[in-house]
Amino acid sequence: TPKYIKELQTKMIKTLLECKNIKEVYEIGYDGTIQIVKKAIEDIKNNKIPAEELTISKTLRKPLQKYKSMQPHVSAAKQLLSKGEYIKPGNIIKYTYTNTKHRNPICRIKTIPYNGKINVDKRKYINMVVSAMKTILSPLDLTKEANESKILAKEFFIVNPLKS
1205 TPKYIKELQT
1215 KMIKTLLECK
1225 NIKEVYEIGY
1235 DGTIQIVKKA
1245 IEDIKNNKIP
1255 AEELTISKTL
1265 RKPLQKYKSM
1275 QPHVSAAKQL
1285 LSKGEYIKPG
1295 NIIKYTYTNT
1305 KHRNPICRIK
1315 TIPYNGKINV
1325 DKRKYINMVV
1335 SAMKTILSPL
1345 DLTKEANESK
1355 ILAKEFFIVN
1365 PLKS
């Protein structure tokens, strides 16, 4: 999970934990959490989050040739290998999603360090934000949550299509 998403989760949890009673959780805490999510989505949409904060780190568990599927960290490791990096099990591979819709798995991510400016896959990171919200709110059995997720998706994907 990227640093930015982890920090966002912590912020959402703190918002809920600061409530004095269950009524506040369902009213003030819930609304506060939704505001945090909306701001995060706006920030991602408007390129206000540095790509470094959206970076994912994953440990390579086995030699590259042993992987059967082209998982993102495997694609990233292959990118690094093509740049002359020495890649072996145990390496921490860092990458950022740039185009998850691309048919070639190697073109879906970029590795760290970046050469120049990087355009992140805004839809992917917005989906991560909404997913984090659902994970945090689901134990509270908030029926508004499902509707709010649809509103967020509609607001940011249909009404205001994202431009890469």
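For the sequence shown, our numbering gives the first residue as 1205, with consecutive numbering after it. Positions of the beta carbon are idealized from the N, C-alpha and C atoms, including for glycine. In this text, all values refer to a predicted model and were calculated from it rather than measured experimentally.
| query | result |
| --- | --- |
| Would you check if there are 3 or more beta carbon pairs closer than 8 Å linking the stretch 1230-1246 to the stretch 1323-1340? | yes |
| Locate the beta strand (DSSP E) running through Lys1287, then write down its first and last residues. | From DSSP, Lys1287 is part of no beta strand (DSSP E); its letter is neither H nor E. |
| Distance, Cα to Cα, His1306 vs Leu1341? | 32 Å |
| Would the stretch 1282-1290 count as touching the stretch 1231-1240 if we require 3 or more Cβ pairs under 8 Å? | no |
| Could you tell me the boundaries of the alpha helix (DSSP H) in which Tyr1329 lies? | 1326-1341 |
| State yes or no: is the C-beta of Pro1206 within less than 8 Å of the C-beta of Thr1259? | yes |
| Which partner residues does Ile1296 have in the DSSP bridge list? | Thr1263 |
| Inspect the beta-carbon positions of Lys1321 and Thr1300 and report whether they are closer than 8 Å. | no |
| Determine the DSSP secondary structure at Lys1314, reduced to helix, strand or coil. | strand |
| Could you check the C-alpha separation between Ile1291 and Val1278 for me, to the nearest Å? | 10 Å |
| Would a C-beta distance cut-off of 8 Å place Arg1333 and Ile1209 closer than the cut-off? | Residue identity check: residue 1333 is Val in the sequence provided, not Arg. Cβ distance < 8 Å, so Val1333 and Ile1209 count as in contact. |
| Out of curiosity, what's the CA-to-CA distance linking Lys1222 and Ile1310? | Reading off the sequence shown, one finds Glu at residue 1222, where the question assumed Lys. Each residue's Cα considered, the two are about 43 Å apart. |
| In this structure, does DSSP put Tyr1301 in helix, strand or coil? | strand |
| Taking the alpha helix (DSSP H) that Met1216 falls in, what are its first and last residues? | 1207-1221 |
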